[in-house]
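> Take this structure first; my questions come after.
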Amino acid sequence: YVVGVGQNYPKKPRDRGSSCPALPATCNKQAYLNPNANPYLLVGALVNGPSFGDFFYDDRLESKTNQVSVENNAGFQSAVAGLLYHQLDLGK
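With UniProt numbering applied, the sequence shown covers 1 to 92.
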């Protein structure tokens, strides 16, 4: 699932930076456990995706389905760039 894409995208990805409130508020455990959507939207971030049972929990405490990671996003962004490259026919 990609944050900010479509109508039912993840609103609470497991990401410390996007789940912290704006300064001067404190970024602490209470802020992290807040059940509301993250204050900052990570548009384009790929989260881990559904569980083996095909369930997705939009909960920042669910690391198996809602974690944002470099490992997932690096490959995803590269694949999107490759698709765009070929769609725009930039290889000529």
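No residue lacks a Cβ here, since even glycine has one placed at the ideal position from N, Cα and C.
#1: Counting only the same chain and skipping the five closest in sequence on each side, list residues whose C-beta sits under 6 Å from that of F56.
#2: Any contact between the stretch 11-31 and the stretch 39-46? By contact I mean 3 or more CB pairs, one from each, below 8 Å.
#3: Closest to Q30 by CA distance: which of E71, H86, D89 and R60 is it?
#4: I need the boundaries of the alpha helix (DSSP H) containing R60, first residue and last residue.
#5: How is the alpha helix (DSSP H) around F76 delimited, first residue to last?
#6: Taking only three categories from DSSP, how would you classify Q67?
#7: Within the same chain, show all residues whose beta-carbon is closer than 7 Å to that of V43, passing over the 5 residues directly before and after it, in chain order.
#8: Please report the distance separating the alpha-carbon of G82 from that of S63.
Checking against the coordinates, here is how it stands:
#1: Here residue 56 refers to the residue found at position 56 of the sequence shown. Counting only Cβ-Cβ distances below 6 Å, and skipping sequence neighbours, we find P50 and T65.
#2: yes
#3: Numbered from its first residue, the sequence shown carries residue 30 at position 30. Here the closest residue by C-alpha is R60.
#4: Stepping through the sequence shown from its first residue, residue 60 is reached at position 60. First-last for R60: undefined, no H or E at that position.
#5: Taking the sequence shown and counting its residues from 1, the one referred to as residue 76 is at position 76. Run containing F76: V70 to Q87, per the alpha helix (DSSP H) assignment.
#6: Position 67 of the sequence shown, counted from the first residue, corresponds to residue 67. Looking at Q67 - three-state DSSP - the assignment turns out to be strand.
#7: What you label residue 43 is simply residue 43 of the sequence shown in a count that begins at 1. Excluding residues within five positions, the ones whose Cβ falls inside 7 Å are V3 and G4.
#8: Taking the sequence shown and counting its residues from 1, one reaches residue 82 at position 82. Taking the sequence shown and counting its residues from 1, one reaches residue 63 at position 63. Distance between the alpha carbons of G82 and S63: 29 Å.
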